[in-house]
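**Student:** Just so you know, we're using our numbering here: the sequence shown kicks off at 17 and counts up by one.
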Amino acid sequence: MYRIIELISISNTLRLIVFFVVILSLHGCATTKIVHEEHQPIPRHLEEYVEQNEFSVAKRDDVIGRLRFISLEKGDTLPDIARHFGLGIKEVTAANPGVDIWVPKAGERIMLPLSFILPDAPRKGIVINLAAMRLFQFKGNGESLAVLTYPAGVGTEERPSPTGQMFVERKVSRPTWHVPSSIAEDHRKKGDPLPAKILPGPQNPLGEYALYLSKPSYLIHGTNKPASIGLRATNGCIRLYPENVKKLYENTPVKTPVYMVNQPYLLGQSNGAVYMEVHASPEDLDAAELDKIYAKLRNIEKKSGRALDWSKVKNVLAEARGIPVPIFEISQGSGKGVAEPMEVRHPGELFGRPEIPELKKDAWSVLAADLHDEIDAVRMAAIINHQGPPIPAKVVSKNVGYQVIAGPFNDIRDAKDAIKRLKIDLEIDGRLIERAAASPAAVRPKNENTPPDRAVKGPAKEKTKVSKTGGPGNPGGYALQIGVFAEEKNALSLAEKLKQQGYEASFHKDGKRPLLRVLIGGFDTSEKALEESRLILQKDGIESVIYRY
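1. Does the pairing of the segment 163 to 178 with the segment 234 to 250 give three or more beta-carbon distances under 8 Å?
2. Looking only at its chain, what residues have a beta carbon closer than 7 Å to the beta carbon of Leu306, apart from the 5 residues adjacent to it on each side?
3. Assuming Ala200 contacts Leu210 under a Cβ cut-off of 8 Å, what Cβ separation, rounded to an integer in Å, is found between them?
4. Using DSSP's beta-bridge definition, name the partner residues of Val382.
5. Run through the DSSP bridge pairs and tell me what Thr567 is partnered with.
6. Within 10 angstroms of the Cβ of Thr93, are there 16 or more other Cβ atoms? Answer buried if so, exposed if not.
7. Taking DSSP's pairing of strands, which residues face Gln181 in a bridge?
8. CB-CB under 8 Å to Phe425, same chain, minus the five flanking residues each way: which ones, in chain order?
9. What's the C-alpha gap between Val329 and Lys106?
10. Between which two residues does the beta strand (DSSP E) holding Val270 run?
11. Would you mind stating whether Glu504 and Leu532 have Cβ atoms separated by less than 8 Å?
12. What's the call for Trp193, buried or exposed, on a 16-neighbour Cβ count within 10 Å?
13. How many Å lie between Val108 and Gly288 at the Cα?
14. With a threshold of 6 Å on Cβ separation, who are the neighbours of Thr172 within its own chain once the five nearest residues in sequence on each side are excluded?
15. Measuring alpha carbon to alpha carbon, tell me which of Asn251, His402, His362, Glu224 ends up nearest Leu442.
16. Rounded to whole angstroms, how far is the Cβ of Ala393 from the Cβ of Val420, which I believe are closer than 8 Å?
17. Between the C-alpha atoms of Pro488 and Ile428, what's the straight-line distance to the nearest angstrom?
18. Establish whether the CB of Trp118 and some CB of chain C are separated by less than 8 Å.
19. Report yes if the C-beta distance between Pro342 and Phe85 is below 8 Å; otherwise report no.
20. When the Cα of Val332 is compared with those of Ala323, Gly321, Tyr225, Ile309, which residue comes out closest?
21. Could you give the DSSP three-state label for Leu94: helix, strand or coil?
22. Less than 7 Å separating the Cβ of Lys90 from some heavy atom of the ligand MG?
23. Can you tell me the Cα-Cα spacing of Phe367 and Ile316, whole angstroms?
24. Out of Ile440, Asn260, Thr179, state which residue places its alpha-carbon closest to the alpha-carbon of Gly223.
25. Does the Cβ of Ser189 have 16 or more other Cβ atoms within 10 Å, making it buried, or fewer, making it exposed?
26. Pull up the CB-CB distance for Leu546 and Ile562, whole angstroms please, since I reckon it's below 8 Å.
27. Expressed to the nearest angstrom, what Euclidean distance is found between the alpha-carbon atoms of Ile133 and Asp202?
28. So what does DSSP say about Lys432, is it helix, strand or coil?
29. Beta-carbon separation of Tyr234 and Pro178 under 8 Å?
30. Which partner residues of His237 appear in the DSSP bridge assignment?
31. Taking C-alpha atoms, which residue in Ser549, Gln285, Leu508 lies nearest to Leu496?
32. Pick out whichever of Phe344, Lys319, Val274 has its Cα sitting closest to the Cα of Asp325.
33. Assign Gln516 to buried or exposed, taking buried as 16 or more other Cβ atoms, counted over all protein chains shown, within 10 Å of its Cβ.
34. Roughly how many angstroms lie between the CA atoms of Lys436 and Asp136, to the nearest whole one?
35. Rounding to the nearest angstrom, what Cα-Cα distance links Arg150 and Val294 in this structure?
36. Please report the distance separating the alpha-carbon of Glu124 from that of Tyr291.
Here it is as structure tokens:
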């Protein structure tokens, strides 16, 4: 039996839901006044294009980009918004505390945190701020400097990404993943054993491109799990969206220096103002890093001869929204004014949004959950849709409640693999939903007069029935009955389709009733017929019963 999953409250068994709830809880629903709230403008026009990856850096400036706002539409999820605008999921959730990740309200206005303070590190090569989960690539020199920036997935607390200086040792397109023993052991314990290596393709977690670093076993690579970008979700490597790692791969020569830093507290200058950016970080270095920031702030206060607004500093620290907030003018009247956030027009189509095909009666599917609440069902379907590799899922309304159904799957093996992944990744006990009809029989006319004992009765298993009705053929022999028809043209059509699939098919008139049976093969024993029945079900999804001559 499958487990009925209720989501009246967040279930501890749904790891991914809990994972994202933890992200939200790191920032909480802000109880103090949000610094930028007072600056939210009433837009006069909507921007059509937003630069999200490439910026020029003015001399002596540390802040790039500009904050934006967007009004959400029905069906949006924050992971889809994040990917379209070149952001990580934690960046979006931190900037918008309290917004539902998977089922935000239509019309809800959220911030796009497209402004960043550059890390305190050399401005050359690649710099990765693990606390911000963001990569910066510098091009040019001090007089004319450009920076490309991408959101990143980084190592977990148990397997953190390293800090320090290294370089790009080699680059590989369509890499093969040689599974480390530690990761292989983790998967074995979960009941998900991995092969020694995984070749390029949709199952390869490295994606299409990999940059191998001089520190052994660490890479910057793509992913087959784009919804994990902006999370602490890797085994120490740096993970990028597929579209971003392609650009980085093309723009990065071998020997490029790579600096990995962990700076949750950032200070930067732009247009005569000092900005502060704070990221929530679970690591023990927070106290030491905070001391450094306070020392820098006191130094700014001393040099300017004016007092800082320490209450504003405390608000920024408490909210930890990951956005640059102006906290101080370097000299009285030196600030040129804070650039107001702009409003962005919602795109007609979000880049990378999972495509959800329609469910089909002649394909396999999986019942993931049976729920009372529609919002809970939509939330679960969205979570399943964002698994990697993709598992399509839809919400189907029933007389009482809502079902979350994953599929369609043309092959029973794909459906069973989805059940396994739902269990391992999300602890969802899915149940296989059998195909409504065999693939050849699915084309039969709806008005045909098929008797009650027709062959389509679900997958052939040990309980496959042996028909004892008489008919032509060798007495005592067996065949696989695929369909029973009243009209010869329908029987002939099915037999022809089976022949096209390589089966020895024919149809025979029943001696006792005016019916035509479509049969495959001839077998000496019922055991041989049963074995063939299983094989054709697995190979082509063709259902059958055993017919005895």
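Note that the Cβ used here is the ideal one computed from N, Cα and C, for glycine as well.
**Tutor:** Quick answer:
1. yes
2. Tyr281
3. 5 Å
4. Beta-bridge pairing links Val382 to Ala422, Leu448.
5. Outside the shown range of the chain, which is 17 to 565, sits residue 567, and nothing can be said about it.
6. Answer is buried; the Cβ neighbour count reaches 16.
7. Paired residues: Tyr275.
8. Ala379, Trp380, Ser381, Val382, Ala431, Ala434
9. 22 Å
10. Note, Val270: premise wrong, no beta strand (DSSP E); not H, not E.
11. A Cβ-Cβ contact shorter than 8 Å links Glu504 with Leu532.
12. With 16 or more Cβ atoms within 10 Å of its Cβ, Trp193 is classed as buried.
13. 27 Å
14. Arg248
15. His402
16. 5 Å
17. Since pLDDT at Pro488 reaches only 39, below the 50 mark, its modelled position is unreliable, and no value is offered.
18. Of the protein chains in the structure, only one exists, and it is not chain C.
19. Not closer than 8 Å, so no.
20. Closest option to Val332, Cα to Cα, is Ile309.
21. helix
22. The ligand MG is absent from the structure shown, which contains no ligands of any kind.
23. 43 Å
24. Asn260
25. So Ser189 counts as exposed.
26. 6 Å
27. 37 Å
28. helix
29. Yes, Cβ-Cβ distance for Tyr234 and Pro178 is below 8 Å.
30. Ala226, Arg255
31. Ranking the options by Cα distance to Leu496, first place goes to Ser549.
32. Phe344
33. exposed
34. 45 Å
35. 13 Å
36. 27 Å
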